[in-house]
Amino acid sequence: MKIIKISMLVLALGLMSFSAIAPVESLTSTPKTEEGTASVIVWKAETIDVGQIPQGTPKAIVYEFKNTGKTAVVITNVQGSCGCTATDYTKEPILPGKSAKVTATYNAANKGGFTKTVTVTTSAETTPKVLTLKGTVI
């Protein structure tokens, strides 16, 4: 009787592990768009080196992208990596074939090299895009 109970427990655990595999696979699969590609946003540059900038003078960095998909794209959130980076972005839907921009304004308080990021979330991609700005404050 004890062997039967252990066998049933092993069988139940085995079935539970197989049912857990399906959701994991769906989470790791690449989302497809209408064209069959993973992304409909093409960035002109994902990293911008601003070179040398003066201390205490805000520097605006503009990231441009194009909607290469078949439906409109909406930027849902833009977040700088620190309080020293203010952001602005196109608020209206970006129609197919049209371009838009995200602006990051870096206000350099300390001298020396810097690397900051701007995280952009859109309706077109499940994973936010991380853009980078770097340079040296003189």
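Under mature numbering (1 follows the signal peptide of the UniProt record, and there is no 0), residues -22 to -1, 1 to 116 are what the sequence shown spells out, in order.
We put the beta carbon where it would ideally sit given N, CA and C, even for glycine.
Predicted, not measured: the structure shown is a model, and the values here were computed from it.
Quick check on Thr81: does DSSP put it in helix, strand or coil?
If DSSP states are grouped into helix, strand and coil, Thr81 belongs with the strands.
Beta strand (DSSP E) containing Ile39: first to last residue?
Per DSSP, the continuous beta strand (DSSP E) segment holding Ile39 begins and ends at 37 to 45.
Alpha carbon to alpha carbon, what distance is there between Gln57 and Thr114?
One Cα belongs to Thr114, the other to Gln57, and the distance between them is close to 22 Å.
The beta strand (DSSP E) that contains Thr68, what's its start and end?
Going by DSSP, Thr68 is part of no beta strand (DSSP E) at all; its letter is neither H nor E.
Is DSSP giving Thr114 helix, strand or coil here?
Strand at Thr114.
Would you kindly report the start and end of the unbroken beta strand (DSSP E) that includes Val51?
Careful: Val51 lies outside any beta strand (DSSP E) and carries neither H nor E.
With respect to the beta strand (DSSP E) encompassing Lys94, which residues constitute its N-terminal and C-terminal limits?
For Lys94, the uninterrupted beta strand (DSSP E) segment begins and ends at 90 to 100.
Is Ile31 closer than 7 Å to Ala102 when the C-beta atoms are compared?
For Ala102 and Ile31, no; Cβs fall outside 7 Å.
Val108: buried (16+ other C-beta within 10 angstroms of its C-beta) or exposed?
By the neighbour-count rule (16 or more Cβ atoms within 10 Å), Val108 is not buried but exposed.
Beta-carbon gap between Lys94 and Leu111 smaller than 7 Å
In this structure, Leu111 lies closer than 7 Å to Lys94 by Cβ.
Comparing C-alpha positions only, which one of Phe92, Asp27, Lys69 sits nearest to Gln33?
Comparing Cα-Cα distances from Gln33 to each of Phe92, Asp27, Lys69, the minimum goes to Phe92.
Which residues in the same chain have their Cβ closer than 8 Å to the Cβ of Ile39, if we skip the five residues on either side of it in sequence?
These residues qualify, in order along the chain: Ile26, Val28, Thr81, Ala82, Thr83, Tyr84, Leu111.
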